[in-house]
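Numbering (this note's numbering), first residue to last: 1 to 333.
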C-alpha cells in the first residue's frame, strides 16, 4: 500500500501535474489521502482546518462536494474512516488535521443491528483472505471483519491504555480507539468492515467491492501496475510474492492451513500438494486419491475445483515440439 500511495501522491488529482515533496500549495483528500494543488480547487484556497476536502475522483465515487464543512458533517453520516490508510507526509503542507490528546469516552458506542445481518455470503465472511477494491487502489488482499470483532478489539485497546504510562504512546492509542469507534458508529447495514493486509488498517466498503480470493487470484495477483513488481514467476508458472509485501502476508496466512480439512500445516510438512491456481496447500491424505499427483498432472484444491469447474487432477498440456509445429498448425486448420 505504501508504494502505491507514494506513486499516487506524487501527482495532482486534478491536473495530474507533479507535486514535489516540499510543495506547500497542496491539500490532501480526506478519503484517499492523495494531493490536489490548492490552485486547482474550485475556490483556489485551502479549506478550513475543521472542513473535509475531497479530490475530484472521490467526489464522484462518494457523491461528496469538494469541501464538506463542519456544519454539513453534523447532518451527513460518514461512511469512510479517513484515518485508516497510511497517512501521507503533511509537514509544511497547508492541510493539517488537528489531533486531540483528550481521552475518548470509555462508555461503549451504540452497536449497529446490522452486525448480525451482513450483506455478504458465508464464504467471504469465513475466508482468511479476500480481494477488496477501495477507492483508486487496485484490488487488495484483505480480510472481512465483523462488528463484534472490531468492538472487542476496541475494548482490548482500552484495557491496554490503562497500562500505558508514556504520554505519546497513550495519545496514539487514544487516536486509534477514536478512529475505530468512528467506524462502528458510522457503519450502515449496506456496508462491510474489512482489514487490509500490509498495514492492518480498517475501512468500510460496499459488499460488491469484495470478491473471493481464490477465484480471482490469477487475474488480480498479476496486476502489471502493482503486483507485477511484487511477484516473480517460477518455471512451473507459480507466482512468488516479494518478502514483506501485503501479498506475501496474505499468502502466508492462507498457506498455514489445509484447503480441505482446514487443519494447521507446519512449515516443515512435506506430505502436502499445492494448488495450481491459488497456490494454497492441501494434505495429500485429504485428496480424493490420497496420493500426490504425477509430474504430468496439475492439482486443484477443493475451492478452485468449484470456482473453475475443473477436476482435482488435470493432465498438463504437453509443449509442442519444434519439429511438429507445422504438423500441429495443419491439424488445427
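Note that CB positions come from ideal geometry on N, CA and C, so glycine has one too.
| message | Quick check on residue 17: buried or exposed, where buried means 16 or more other Cβ atoms within 10 Å of its Cβ? | response | exposed
| field | Secondary structure of residue 111, DSSP reduced to three states | value | The predicted position of residue 111 is uncertain, since its pLDDT is 37 and thus under 50; a value taken from the coordinates is nonetheless stated next. It is coil, neither helix nor strand.
| How many angstroms separate the CA atom of residue 165 from the CA atom of residue 183? | 27 angstroms
| Which two residues bound the contiguous alpha helix (DSSP H) that contains residue 272? | Unbroken run through residue 272 is the beta strand (DSSP E), 272 to 274; no alpha helix (DSSP H).
| Completely contained alpha helix (DSSP H) runs for the region 114 to 149, where each covers 4 or more residues | 122 to 126
| query | When you compare only the Cα positions, how much space is there between residue 206 and residue 291? | reply | 42 angstroms
| Just checking, does the region 187 to 205 make contact with the region 277 to 292 on the three C-beta pairs under 8 angstroms criterion? | no
| said: Short of 7 angstroms in beta carbon distance, which residues of its chain neighbour residue 276, apart from the five on each side in sequence? Order them along the chain. | reply: 298, 299, 300
| task | Note down, one range per segment and in chain order, each beta strand (DSSP E) of at least 3 residues found wholly within the region 275 to 314. | result | 281 to 283, 297 to 299
| request: Measure from the alpha carbon of residue 316 to the alpha carbon of each residue in 295, 303, 253, then state which is nearest. | output: 295
| message | Please classify residue 60 as buried or exposed, where buried requires at least 16 neighbouring CB atoms within 10 angstroms. | response | exposed
| said: Since residue 161 and residue 170 should fall inside the 8 angstroms C-beta cutoff, what is the C-beta to C-beta distance between them, to a whole number of angstroms? | reply: 6 angstroms
| query | In or out: residue 45 buried (at least 16 other Cβ within 10 Å) or exposed? | reply | exposed
| said: My assumption, with CB atoms under 8 angstroms, is that residue 129 sits in contact with residue 273. Please give the rounded CB distance. | reply: Actually they are not in contact, since the Cβ atoms of residue 129 and residue 273 sit about 20 angstroms apart, beyond 8 angstroms.
| Spatial distance of residue 10 from residue 219 (CA atoms) | 27 angstroms
| field | Residues near residue 116 in its chain [Cβ-Cβ closer than 6 angstroms; skip 5 each side] | value | For residue 116, the pLDDT reaches just 47, beneath the cut-off of 50, and the residue's location in the model is therefore unreliable, although a value from the coordinates is still provided. For residue 116, where only same-chain residues beyond five positions count, there are no Cβ hits under 6 angstroms.
| task | Starting from residue 26, follow its DSSP beta bridges and name the residues at the other end. | result | 37
| message | Taking the beta carbon of residue 287 as the centre, do at least 16 other beta carbons fall within 10 Å, making it buried, or is it exposed? | response | buried
| Start-to-end residues for the alpha helix (DSSP H) that takes in residue 203 | Segment 202 to 205 is the beta strand (DSSP E) holding residue 203; no alpha helix (DSSP H) there.
| query | Which residue's Cα is closest to the Cα of residue 397: 153, 133, 313? | reply | This structure leaves residue 397 out entirely; the chain is present only between 1 and 333.
| message | Assuming contact is defined by CB atoms lying nearer than 8 angstroms, are residue 39 and residue 51 in contact in what I supplied? | response | no
| said: Suppose contacts are defined by Cβ-Cβ distances below 8 angstroms. Is residue 381 in contact with residue 42 by that definition? | reply: Outside the shown range of the chain, which is 1 to 333, sits residue 381, and nothing can be said about it.
| request: Round the Cβ separation of residue 124 and residue 144 to the nearest angstrom and send it over; I've been treating them as touching at under 8 angstroms. | output: 6 angstroms
| Residues in its own chain within less than 8 angstroms of residue 139 by CB, not counting five upstream and five downstream? | 131, 132, 133, 211, 216, 220, 223
| Does the Cβ of residue 203 have 16 or more other Cβ atoms within 10 Å, making it buried, or fewer, making it exposed? | buried
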